[in-house]
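Numbering (this note's numbering), first residue to last: 5 to 468.
What follows is the structure in structure tokens.
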């Protein structure tokens, strides 16, 4: 039987040549071993594998000297949350730092992928597998960094906590629990998230910018329902529920929420536009100079990558209607998902939709409990540490804050009053970002180039 070390060495043997000592260092070998093991665990909703992953990580931490009392796995249904304390000596007299990541991943089916999704495979350029980016890369890098620092005998001047969630991709129940119900985490000065942000490379591998996620749009879904008496399909009536709801949904499609901006988003477009150049880059810089420039905002709205940075968006994602093929529909229901710009309330958007559909008979219901999350203003000490880590790899790259159009664990920690920034180790071409999609992959070079990223940041923030 081939043991894990042998498998690791075999995997390394066929990799592209890297700097001498990088891929063979103890830290690199341990990081790859953890990465491979985590990718091999299908930690998707319904399979109950997250507890197995947490137990594996706990064994790795214990092996290097973390005490049982500093490792806490909290069950919640089929999944778990996980807390690991790296005890400091208290000389800084400062509150703890939290380090965030999520252990779960979205589903991936063997029949759809070119490679097995829950096995770390590679070619001469990429690692493949579900979670290679989102977010088992973050879990790997944070875990292996804690292990590395402990082996080195590093003593931080304050406590650091890993806070790993188990259902970020679904209900975020473990996220809410860790953010709101754990007193050892509630006292944190701030949190650093491994899930979102990172460096952008162009098609030639040139670094364009490093993005620090400092805000997230509110995620909310509404259910729109139209009811009708129905009847026999041989006797059509003008007030068909499906037709009326369809008209309402087209009204939503055609509605443009007002353009919005903040100092952070303007700076993002200013730097990104200068780096990108061309017609799109010109639109970015024009928007940064004057967000009321309709030509610029209209151009950005046509780009799926940037429309969410300029305004609230709502889109229909699901439909259900009717009860029989030979009967008029007695109801029609659509799910409309909205990503709301910070500072705008969920109720304001709901009222806007009620006006846009132009049909008072449509019932609009807010699903679940949406989270309105504030912007985390940047801190000089955190940004200085990020700059040191990023410039060790790309000395001249711009570091800018941005707002996430999607959602991460960070929204709940921000809502709980803990400033949160996402600043992962990854640098890659955004066009190669297949997280949540088919054949998710990570450039091998990015994996190895990022091995020191978290060590540099944590030592800078907690060193003596």
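Cβ coordinates follow ideal geometry from the N, Cα and C atoms, glycine included. Computed from a predicted model, the values in this text were never measured in an experiment.
- Quick one: what does DSSP say residue 398 is sitting in, helix, strand or coil? As a working mapping, residue 398 is identified with position 394 in the chain shown. Residue state, collapsed to three classes: coil.
- Task: Determine contact between the stretch 341–349 and the stretch 246–255, defined as no fewer than three beta-carbon pairs at a distance below 8 Å.
- Result: Contact between the stretch 341–349 and the stretch 246–255 is not established, with fewer than three Cβ pairs separated by less than 8 Å.
- Message: Cutting at 6 Å between CB atoms, please list the residues of its own chain near residue 470, excluding the five before and the five after it.
- Response: Outside the modelled stretch of the chain, which goes from 5 to 468, sits residue 470, for which no answer is possible.
- Query: In the structure shown, what three-state DSSP assignment does residue 105 receive?
  - Reply: On the chain shown, position 101 is the one that residue 105 refers to. When DSSP states are grouped into helix, strand and coil, residue 105 belongs to the strand group.
- Task: Quick one: residues in its chain with C-beta nearer than 6 Å to the C-beta of residue 138, no 5 flanking neighbours on either side, listed in chain order?
- Result: Walking along the chain shown from the start, residue 138 turns up at place 134. Cβ neighbours of residue 138 beyond the five flanking positions: 439.
- Verify whether the separation of the beta carbon atoms of residue 275 and residue 183 is less than 8 Å. Translated into the one-based positions of the chain shown, residue 275 becomes position 271. Translated into the one-based positions of the chain shown, residue 183 becomes position 179. No; because the gap between Cβ atoms is not below 8 Å, this pair is not in contact.
- Task: Pull up the CB-CB distance for residue 193 and residue 99, whole angstroms please, since I reckon it's below 8 Å.
- Result: As a first step, residue 193 is located in the chain shown; it is residue number 189 there, counting from the start. As a first step, residue 99 is located in the chain shown; it is residue number 95 there, counting from the start. Separation of the CB atoms of residue 193 and residue 99 is rounded to 4 Å, and the pair is thereby assigned contact status at 8 Å.
- Task: Below 8 Å on the Cβ atoms is my guess for residue 465 versus residue 389; work out the distance and round it to an integer in Å.
- Result: As a position in the chain shown, residue 465 is number 461, starting the count at 1. As a position in the chain shown, residue 389 is number 385, starting the count at 1. With 8 Å as the limit, residue 465 and residue 389 qualify as a contact, their Cβ atoms being about 5 Å apart.
- Query: When DSSP labels each residue in this structure, what does residue 23 get in the three-state scheme?
  - Reply: On the chain shown, residue 23 is found 19 positions in, with the first residue counted as 1. With a pLDDT of only 45 at residue 23, under the threshold of 50, the placement of this residue in the model should not be trusted, and no figure is reported.
- Is residue 310 helix, strand or coil by DSSP? Working through the chain shown from its first residue, we reach residue 310 at position 306. The answer is coil: DSSP assigns residue 310 none of H, G, I, E or B.
- Item | Spatial distance of residue 317 from residue 174 (CA atoms) | Residue numbering aside, residue 317 sits at position 313 when the chain shown is read from its first letter. Residue numbering aside, residue 174 sits at position 170 when the chain shown is read from its first letter. A straight-line Cα-Cα distance of about 21 Å links residue 317 and residue 174.
- Message: Measuring straight from C-alpha to C-alpha, what distance separates residue 267 and residue 211?
- Response: One-based indexing of the chain shown puts residue 267 at position 263. One-based indexing of the chain shown puts residue 211 at position 207. Those two C-alpha atoms are separated by around 23 Å.
- Task: Run the CB neighbour count on residue 1, radius 10 Å, all protein chains shown included, and call it buried at 16 or more, exposed below.
- Result: The chain is shown from 5 up to 468; residue 1 falls before or after that span and cannot be answered.
- Helix, strand or coil: how does DSSP classify residue 100 here? As a working note, residue 100 is residue 96 in the chain shown. Three-state DSSP puts residue 100 in coil, outside helix and strand.
- Item | Assigned secondary structure, residue 447 (DSSP; H/G/I helix, E/B strand, else coil) | Taking the first residue of the chain shown as position 1, residue 447 is located at position 443. Shown here, residue 447 sits in a strand according to DSSP, grouped into three states.
- Item | Continuous beta strand (DSSP E) assignments of at least 3 residues falling wholly in the stretch 23–104 | Taking only runs of at least 3 residues, the beta strand (DSSP E) segments lying wholly in the stretch 23–104 are 75–80 and 83–90.
- Exposed or buried, what is residue 457 when buried is set at 16 or more other beta-carbons lying within 10 Å of its beta-carbon? The residue given as residue 457 occupies position 453 in the chain shown. So residue 457 counts as buried.
- If we ignore side chains and look at the alpha-carbon of each, how far apart do residue 442 and residue 106 end up? Translated into the one-based positions of the chain shown, residue 442 becomes position 438. Translated into the one-based positions of the chain shown, residue 106 becomes position 102. Taking C-alpha positions only, residue 442 is separated from residue 106 by approximately 20 Å.
- Message: Restricting to runs no shorter than 3 residues, where is the beta strand (DSSP E) found entirely within the stretch 297–375?
- Response: The qualifying runs are 317–325, 335–344 and 367–370.
- Query: When you compare only the Cα positions, how much space is there between residue 309 and residue 202?
  - Reply: Reading the chain shown from its first residue, position 305 is the one you call residue 309. Reading the chain shown from its first residue, position 198 is the one you call residue 202. Looking at the backbone, the Cα of residue 309 and that of residue 202 are separated by about 15 Å.
- Nearest-angstrom Cα separation, counted from residue 325 out to residue 462: As a first step, residue 462 must be located in the chain shown, where it is residue number 458. As a first step, residue 325 must be located in the chain shown, where it is residue number 321. Rounded to the nearest angstrom, the two C-alpha atoms are 53 Å apart.
- Query: Can you round the beta-carbon distance between residue 357 and residue 225 to whole angstroms, since I take them to be within the 8 Å contact cut?
  - Reply: The sequence position of residue 357 within the chain shown is 353, counting from 1. The sequence position of residue 225 within the chain shown is 221, counting from 1. Contact flag wrong, Cβ pair sits at about 12 Å.
- Query: Excluding sequence positions up to five away, which residues of its chain have a Cβ less than 8 Å from the Cβ of residue 235?
  - Reply: Counting from 1 along the chain shown, the entry for residue 235 is found at position 231. Excluding sequence neighbours, residue 235 sits near 241, 331 and 332.
- Count the other C-beta atoms from every protein chain shown that fall within 10 angstroms of the C-beta of residue 67, then say buried if there are 16 or more, exposed otherwise. By one-based count along the chain shown, residue 67 stands at place 63. Residue 67 is exposed by the Cβ-count criterion.
- Task: Note the first and the last residue of the continuous beta strand (DSSP E) segment covering residue 455.
- Result: One-based indexing of the chain shown puts residue 455 at position 451. Run containing residue 455: none; DSSP gives neither H nor E here.
- Task: Could you tell me how far apart the beta carbons of residue 110 and residue 54 are, in whole angstroms, since I believe they sit closer than 8 Å?
- Result: Looking up residue 110 in the chain shown gives position 106. Looking up residue 54 in the chain shown gives position 50. With a Cβ gap of about 13 Å, residue 110 and residue 54 do not count as contacting.
- Message: Please return the same chain residues whose Cβ sits closer than 6 Å to the Cβ of residue 300, not counting the five positions on each side in sequence.
- Response: Numbered from 1 along the chain shown, position 296 holds the residue referred to as residue 300. Here the set comprises 287, 290 and 291.
- Message: According to DSSP, simplified to helix, strand and coil, what is residue 224?
- Response: For the purposes of this step, residue 224 is taken as residue 220 along the chain shown, with counting starting at 1. It is a strand residue.
- Query: Is DSSP giving residue 432 helix, strand or coil here?
  - Reply: Residue 432 sits at position 428 when you count from the first residue of the chain shown. Looking at residue 432 - three-state DSSP - the assignment turns out to be strand.
- Check whether the Cβ atoms of residue 380 and residue 423 sit closer than 8 Å, and answer yes or no. Taking the chain shown and counting its residues from 1, the one referred to as residue 380 is at position 376. Taking the chain shown and counting its residues from 1, the one referred to as residue 423 is at position 419. Result yes, Cβ atoms of residue 380 and residue 423 sit closer than 8 Å.
- Pair within 8 Å by beta-carbon distance, residue 172 and residue 412: In the chain shown, the residue the question calls residue 172 occupies position 168. In the chain shown, the residue the question calls residue 412 occupies position 408. Contact: yes.
- Task: State yes or no: is the C-beta of residue 80 within less than 8 Å of the C-beta of residue 181?
- Result: If you number the chain shown from 1, residue 80 lands on position 76. If you number the chain shown from 1, residue 181 lands on position 177. Against a cut-off of 8 Å, the Cβ pair of residue 181 and residue 80 comes out as a contact.
- In the DSSP assignment, what residue or residues form a beta bridge with residue 236? Residue numbering aside, residue 236 sits at position 232 when the chain shown is read from its first letter. Per DSSP, 331.
- Query: Taking the Cβ atom as the reference point for each residue, do residue 58 and residue 84 lie within a distance shorter than 8 Å?
  - Reply: Here residue 58 is taken as the residue at index 54 of the chain shown, counted from 1. Here residue 84 is taken as the residue at index 80 of the chain shown, counted from 1. Yes, these two residues count as a Cβ contact at 8 Å.
- Item | Range of the contiguous beta strand (DSSP E) that encloses residue 113 | Position 109 of the chain shown, counted from the first residue, corresponds to residue 113. Annotation for residue 113: no beta strand (DSSP E) segment contains it, and DSSP assigns it neither H nor E.
- Message: DSSP three-state label for residue 151, please.
- Response: Position 147 of the chain shown, counting from 1, holds the residue named residue 151. DSSP places residue 151 in helix when its eight states are reduced to three.
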